[in-house]
Amino acid sequence: MGDRARTPTLTALLCLGLCRGPCDQVQAGAAPKPSIWADPGPMVSRGSPMTIWCQGSLQADVYHLYKDRVSKPLDTEAPQNSSKKAGFSIESMSTHTAGLYQCAYHSRRKGWSERSDPLLLVVTGVYPAPSLSAHPSHVVTSGGNVSLSCSSEVTGDTFYLLKEGGAGPPRQMQSRTFRGRWQAVFSVGPMNASHGGTYRCYYNSSSYPHTWSYPSNPLHLEVTGVYREPSLSAQPGSLVFSGDNLTLQCRSGAGFDRFALTKDEGLTSLQHLHGQHSPYFPLGHVSHTHGGQYRCYSGHNLSHAWSAPSDPLDILIVGMYEKPSISAQPGPSVSWGEKVILQCRSEISLDRFHLSKEGSPAAPQLLRLQDAAVPFQASFTIGPVTSNHEGNYTCYSSDSTFPYLLSLPSDTLELLVSAPSPQDYTVENLIRMGGAALILVVLGILLFQARDSPGRLEDAPRRSSYRAVPTEWCSSQNRSLFMHSFTEDVPAVGKTNSRNISRGAQDLV
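In case it helps, mature numbering (1 follows the signal peptide of the UniProt record, and there is no 0) puts the sequence shown at residues -25 to -1, 1 to 484.
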């Protein structure tokens, strides 16, 4: 009984697995399998039309469409004359039309082909849309990581993450509950330029795996630090009165045609980069809301890859408080190489002071009081001064609670730097000249004495000989030998000198 019961089951499995070819009229050595695709794509919103295309050999005379691996064809179409492909139209996508599709074709020479690779059709818009968010930010530095969280109030068994234009299949993850919501967290990174783009997520139920929710809100992931940073400048300057016009310009290398401007918002991470084609950002008539720290980025059109941020530019709005006073210690006129102290003093309780030099491209110097006690003043030390420090100075005061809102400017203080006075070198020159004259006199005396030196040199050997000859040379036996050796040792300076030297030696002996 047991063997008889297993026999029909085994026969059925063999027919479905090994003998599916004959059941579908596919023969060994059949034509190659066709290709299959969906237009406009394999994910179609509910109620929308779509077409499944199947293309095989040019000799194909009929095409079959199969659904969910059923042996019986779902539909049959004749090939189009021009391209030898067949289209199977679905007028309205629904939960019933979603599923797994394959196709095959028949030719008179080779019979039936293999079935194509499976094509999964998913219908979307069946369940409410989830929400998609990025942590810590939508804007991520190259090399960093970001977490994309997809969550829903409706029960979802599996969540899917898709990148617009991505070639790979959707990433999927089983859901888990968190604070009464179903969610899945997808980690993306380390980031590079290819990770930038638009992302959406979906979810479905395990009971109906080909029936998905509406898509989430699009999330644009931007990658910074891919290119070298640009520079940011302000026209007419970073110090601007409330009500004046202000324009920021982002300068970058050649080839960049997309620019974005950001304003720091305290500890909040940068969430978006809104690009534009012009490098100029007119802010119009500024108010206290425009004060802050700005940066800019450069990139290319239709790309989510950006440069590193520019250096920060502080925009300071002038005219929010009463003007301070400015003074110089010991005075506004300073000698070259000395130091001067410029004091900025406020009559109201402000703890930040800014010193600006007229015509200088540098940002104003900033000092913050550690103890906000009367008097409210700050001292800026300048020096050792040179001609570059000369000019007109003004100062401002502000509150650390609103660091980009400044007071009216102080009165202008003109700093004068006197050139160094030439020193009197007369005495030093006279001393040098006297020393030189003394040296010349000494040299003259030495030369004068050197003129009589040959005679004295002749007497010197004589005197030294008198002292050096030992007593044993006084004997008659050694006299002739002494005379011979003595005359040979003395250089010949003439006949007369030679005779004199001989006589001296004889007298000595």
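We treat Cβ as the ideally placed atom computed from N, Cα and C, and that holds for glycine.
It should be emphasised that the depicted structure is a prediction, and the values quoted were computed from it without experimental measurement.
Counting of Cβ neighbours within 10 angstroms places Gly22 among the exposed residues, the total staying below 16.
With contact defined as three or more Cβ pairs closer than 8 Å, the segment 311 to 325 and the segment 263 to 271 are not in contact. For the segment 302 to 341, the full-length beta strand (DSSP E) segments reaching 3 residues or more read 308 to 310, 315 to 321 and 327 to 332 along the chain.
The secondary-structure analysis by DSSP pairs Leu277 with nothing; it has no beta-bridge partner.
In the DSSP assignment, Arg426 falls within the unbroken alpha helix (DSSP H) covering Thr401 to Arg426. Met68 has no beta-bridge partner at all, per DSSP. For Pro257, DSSP records a beta bridge to Thr222. The criterion of a C-beta distance shorter than 8 Å is not satisfied by Gly228 and Glu197.
Judged by DSSP secondary structure, Arg146 falls within the beta strand (DSSP E) whose first and last residues are Arg146 to Gln149. Annotated three-state conformation of Ser362 is helix, per DSSP.
The alpha-carbon separation between Gly86 and Ala6 amounts to approximately 7 Å.
Tyr296 places its beta carbon less than 8 Å from that of Ser372. The segment 15 to 56 contains, as complete beta strand (DSSP E) runs of 3+ residues, the segments 18 to 20, 25 to 30, 35 to 42 and 50 to 52 (chain order). Per DSSP, the unbroken beta strand (DSSP E) holding Gln210 starts and ends at Ser206 to Gln210.
When DSSP states are grouped into helix, strand and coil, Thr116 belongs to the strand group.
Nearest to Asn363 by alpha-carbon distance, out of Gly312, Val402, Gly266 and Asp326, is Gly312. Relative to Tyr368, the option among Leu330, Leu207 and Ser217 whose CA is nearest is Leu330. Per the DSSP secondary-structure output, Gly172 pairs in a beta bridge with Leu196. Note on Ile290: 16 or more other CB atoms within 10 angstroms of its CB, so buried under the neighbour-count rule.
In this structure, DSSP gives Thr264 a helical state, which the three-state scheme calls helix. In the structure shown, Phe231 falls within a coil segment according to DSSP collapsed to helix, strand and coil.
Look at Pro299 here: in three-state DSSP terms it is coil, with no helix or strand label. Secondary structure at Thr369: strand, using DSSP grouped into helix, strand and coil. With contacts defined as CB atoms closer than 8 Å, Ser302 and Leu391 fail to qualify as a contacting pair. Contact check for Ser191 against Thr99 fails: the beta carbons are separated by 8 Å or more.
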